[in-house]
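For the protein sequence lines, the chains are A and B, in the order given.
Be aware that the first sequence starts at 1, since it is given in my numbering, and climbs by one per residue.
Be aware that the second sequence starts at 1, since it is given in my numbering, and climbs by one per residue.
From the three backbone atoms N, C-alpha and C, an ideal C-beta is built for every residue, glycine too.
As structure tokens, the structure follows; a few thoughts come after it.
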Amino acid sequence: MTATREAVVLPLAFLTVALFGGLEPGAADPWAPPSLFALVLAVMIIAALVRSGTVDPERLLRGSRSSLENANGLVVLVALLVASAQVLNMLTPRSGLPALIVGFVLFVLLMNTLVMSPDRPRLLRSFAVVTSSAFVLKFVILGALADPDGGRTKRVLLALFDAATLGTITQAPLPASAGYIAFAIVVLFLVAVALLPSAEHRLPRLLESGERAIVRTES
Amino acid sequence: MKATQCARDGYNRRVREKAIRVGGLVMTLIYASAIAWTYSRQPASVAQLTGGLAAQVGAYRIDQRSFADGLAFFKRDQFEEARSAFSRADPAERDARTQFYLAYTCYRQGWGRLYNDDALFAAGLTYVEKAIALAPSGRLVLDDAGLQMRSPDELRAELQAGLERDLSDLNPMRVLRQRK
Chain A
1 MTATREAVVL PLAFLTVALF GGLEPGAADP WAPPSLFALV LAVMIIAALV
51 RSGTVDPERL LRGSRSSLEN ANGLVVLVAL LVASAQVLNM LTPRSGLPAL
101 IVGFVLFVLL MNTLVMSPDR PRLLRSFAVV TSSAFVLKFV ILGALADPDG
151 GRTKRVLLAL FDAATLGTIT QAPLPASAGY IAFAIVVLFL VAVALLPSAE
201 HRLPRLLESG ERAIVRTES
Chain B
1 MKATQCARDG YNRRVREKAI RVGGLVMTLI YASAIAWTYS RQPASVAQLT
51 GGLAAQVGAY RIDQRSFADG LAFFKRDQFE EARSAFSRAD PAERDARTQF
101 YLAYTCYRQG WGRLYNDDAL FAAGLTYVEK AIALAPSGRL VLDDAGLQMR
151 SPDELRAELQ AGLERDLSDL NPMRVLRQRK
């Protein structure tokens, strides 16, 4: 992994996710910190990433590295934790039954991932599916149910739906920008996770640097 | 010759990598501080965000021309216009003096001989609380002869008293009181 990726690209990407992941446009307090439950799920994400080899902590923090390099590595890990918490917080509905169900499903899925210990490509695919499903549920399906615009028929149907579900499903309306911001944040998060130093690349990297050293000595 | 060149390249690469790492660390710390600030202050608009960050490094300035316009409107009892001009002067809501004048416009417009406008008094209270929070050590004294209350503390007490409901509201002598 290059110094630029470790010291600049990854921290800035994860911090951007951490910043905008908590943005709720139109709310009285538009910057929402992650909930405690999101932090717990974020720790489970880190564990899953480490077990699958998607991130190799030893390539970020180890005794043979200089203090500066270890500081860069620590920043990446902390930023990854905060960004994971914010992404999960952002994708979880704010209230009612959907918040409970999505929270429970995410917990079970992450627990299952930890038990299964998938490899890096499978974990990345699994993450992409989980985050995109949660995104569609909150910002497309629940967002459409909470949308105050529309004709009389739609409003009557929504009122009937609200009454049938005892108001446990309907969420507060989301501004249109919220969905677009969330989409960009999820994509940025997945790209940044894919860029993390993985365990799979440790050996080839070592060989590559060894080869370079041989070439340099010979010349 | 080649060995010297090679050693120099290696040295340059190490220096460049160190510079990238130090620069990245500094940039990340600044960015993280800005994020922490954003979450603690909860800016609701881009103007508040940029103004607040500028104020952190002492680079924030209000628009003096709009402030002067606001003051002129205020002295002519054109409170709606004054509020508009003051808000334009301090879009980030980071200047204690401007927030104080905004609170004062709410007080003067909302004040009534028989009853006060609760909505305006509540808005005034929000502005004056902001002025107190922004003033150094919470203390601000204005040198304006046209004001009877020159500190946010006096104005806050007046606004709070105006919002309270008690038996003194029924005192007929209330009609003789003067607006400050």
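query = Residues of chain B with a CB under 8 Å from the CB of residue 15 of chain A: which are they?
reply = As a first step, residue 15 of chain A is located in the first sequence; it is residue number 15 there, counting from the start. Going along chain B in sequence order, the residues near residue 15 of chain A (Cβ under 8 Å) are 28, 31, 32 and 35.
key: Proximity below 9 Å, CB of residue 73 of chain B to CB of residue 98 of chain B   = As a first step, residue 73 of chain B must be located in the second sequence, where it is residue number 73. As a first step, residue 98 of chain B must be located in the second sequence, where it is residue number 98. In this structure, residue 98 of chain B does not lie closer than 9 Å to residue 73 of chain B by Cβ.
message = Would residue 190 of chain B and residue 31 of chain A be called neighbours here (beta carbons separated by less than 9 Å)?
response = The structure shown does not extend to residue 190 of chain B, since chain B is modelled only from 1 to 180, so the question has no answer here.
request  = Identify the continuous alpha helix (DSSP H) that holds residue 117 of chain B and give its terminal residues.
outcome  = In the second sequence, residue 117 of chain B corresponds to position 117, counting from 1. First-last for residue 117 of chain B: undefined, no H or E at that position.
request  = Reducing DSSP to helix, strand and coil, say where residue 111 of chain B ends up.
outcome  = Mapped onto the second sequence, residue 111 of chain B falls at position 111. Coil.
request  = Give me the Cα-Cα distance between residue 178 of chain B and residue 33 of chain A, rounded to the nearest whole angstrom.
outcome  = Working through the second sequence from its first residue, we reach residue 178 of chain B at position 178. Working through the first sequence from its first residue, we reach residue 33 of chain A at position 33. The straight-line gap from Cα to Cα measures roughly 47 Å.
query = Out of curiosity, what's the CA-to-CA distance linking residue 83 of chain A and residue 32 of chain B?
reply = The sequence position of residue 83 of chain A within the first sequence is 83, counting from 1. The sequence position of residue 32 of chain B within the second sequence is 32, counting from 1. When rounded, the distance between both Cα atoms is 12 Å.
ask   = Count the other CB atoms within 10 Å of the CB of residue 131 of chain A; is the residue buried (16 or more) or exposed (fewer)?
value = Counting from one through the first sequence, the residue named residue 131 of chain A turns up at place 131. Answer is buried; the Cβ neighbour count reaches 16.
task = Any chance you could list the beta strand (DSSP E) runs of at least 3 consecutive residues sitting entirely within the region 72-111 of chain B, in chain order?
result = none
task = Let me know the secondary structure DSSP gives residue 23 of chain A once reduced to three states.
result = Position 23 of the first sequence, counted from the first residue, corresponds to residue 23 of chain A. Three-state DSSP puts residue 23 of chain A in a strand.
ask   = What's the gap between the Cα of residue 38 of chain B and the Cα of residue 52 of chain B?
value = Stepping through the second sequence from its first residue, residue 38 of chain B is reached at position 38. Stepping through the second sequence from its first residue, residue 52 of chain B is reached at position 52. Each residue's alpha carbon lies about 9 Å from the other.
query = Using the C-alpha atoms, what's the distance from residue 70 of chain A back to residue 3 of chain B?
reply = Residue mapping note: residue 3 of chain B aligns to position 3 of the second sequence, counting from 1. Residue mapping note: residue 70 of chain A aligns to position 70 of the first sequence, counting from 1. Taking the straight line joining both Cα atoms gives about 31 Å.
request  = Could you tell me whether the Cβ atoms of residue 8 of chain A and residue 192 of chain A are closer together than 9 Å?
outcome  = Position 8 of the first sequence holds residue 8 of chain A. Position 192 of the first sequence holds residue 192 of chain A. Taking 9 Å as the Cβ cut-off, residue 8 of chain A and residue 192 of chain A do not qualify as a contacting pair.
ask   = Residue range of the alpha helix (DSSP H) that residue 112 of chain A falls in?
value = In the first sequence, residue 112 of chain A corresponds to position 112, counting from 1. 96-116 is the span of the alpha helix (DSSP H), which, as asked, contains residue 112 of chain A.
ask   = Contact check, residue 21 of chain A vs residue 185 of chain A under 8 Å by CB: the rounded distance?
value = If you number the first sequence from 1, residue 21 of chain A lands on position 21. If you number the first sequence from 1, residue 185 of chain A lands on position 185. That pair is a contact at about 5 Å.
ask   = Between the region 108-137 of chain B and chain A, which residues of the former have a C-beta closer than 7 Å to a C-beta of the latter?
value = none
task = Pick out whichever of B:153, B:69, B:176 and B:10 has its Cα sitting closest to the Cα of residue 133 of chain B.
result = For the purposes of this step, residue 133 of chain B is taken as residue 133 along the second sequence, with counting starting at 1. For the residues B:153, B:69, B:176 and B:10, the minimum Cα distance to residue 133 of chain B belongs to B:153.
task = Alpha carbon to alpha carbon, how far is residue 19 of chain A from residue 35 of chain B? Give it in angstroms, no decimals.
result = Counting from one through the second sequence, the residue named residue 35 of chain B turns up at place 35. Counting from one through the first sequence, the residue named residue 19 of chain A turns up at place 19. The straight-line gap from Cα to Cα measures roughly 6 Å.
query = residue 69 of chain A versus chain B: which residues are under 8 Å apart at the beta carbon?
reply = Residue mapping note: residue 69 of chain A aligns to position 69 of the first sequence, counting from 1. Within chain B, the residues near residue 69 of chain A are 21.
ask   = Around the Cβ of residue 93 of chain B, are there at least 16 other Cβ atoms within 10 angstroms (buried) or fewer (exposed)?
value = Taking the second sequence and counting its residues from 1, one reaches residue 93 of chain B at position 93. The residue is buried, with at least 16 neighbouring Cβ atoms inside 10 Å.
ask   = If you compare alpha carbons, which of B:9, B:11, B:8 and B:24 is closest to residue 2 of chain A?
value = Sequence index remark: in the first sequence, residue 2 of chain A carries index 2 (1-based). Nearest option by C-alpha distance: B:24.
message = Within 8 Å, do at least three Cβ pairs link the region 33-42 of chain A to the region 83-96 of chain A?
response = yes
message = Could you check whether the Cβ of residue 170 of chain B sits closer than 9 Å to any Cβ belonging to chain A?
response = Against the second sequence, residue 170 of chain B aligns to sequence position 170. By this cut-off, residue 170 of chain B is not an interface position.
ask   = Which residue from A:48, A:36 and A:152 puts its Cα closest to that of residue 103 of chain A?
value = Taking the first residue of the first sequence as position 1, residue 103 of chain A is located at position 103. Of the listed residues, the one whose Cα sits closest to residue 103 of chain A is A:36.
ask   = What span of residues does the alpha helix (DSSP H) with residue 31 of chain A cover, start to end?
value = Within the first sequence, residue 31 of chain A is the residue found at index 31, counting from 1. Premise fails: residue 31 of chain A is in no alpha helix (DSSP H) and is neither H nor E.
key: chain B contacts made by the region 46-78 of chain A, where a contact means CB separation under 7 Å   = 68, 69, 71, 72 and 75
key: C-beta neighbour in chain B for residue 92 of chain A, strict 9 Å   = Locating residue 92 of chain A in the first sequence gives position 92, counting from the first residue. Chain B, which has no Cβ nearer than 9 Å to the Cβ of residue 92 of chain A, makes this no.
message = 9 Å is my cut-off, CB to CB: does residue 56 of chain B come that close to chain A?
response = Counting from 1 along the second sequence, the entry for residue 56 of chain B is found at position 56. Answer no: the Cβ-Cβ gap between residue 56 of chain B and chain A never drops below 9 Å.
query = Can you give the Cα-Cα distance for residue 92 of chain A and residue 137 of chain B, rounded to whole angstroms?
reply = Position 92 of the first sequence, counting from 1, holds the residue named residue 92 of chain A. Position 137 of the second sequence, counting from 1, holds the residue named residue 137 of chain B. Their backbone Cα atoms lie some 41 Å apart in a straight line.
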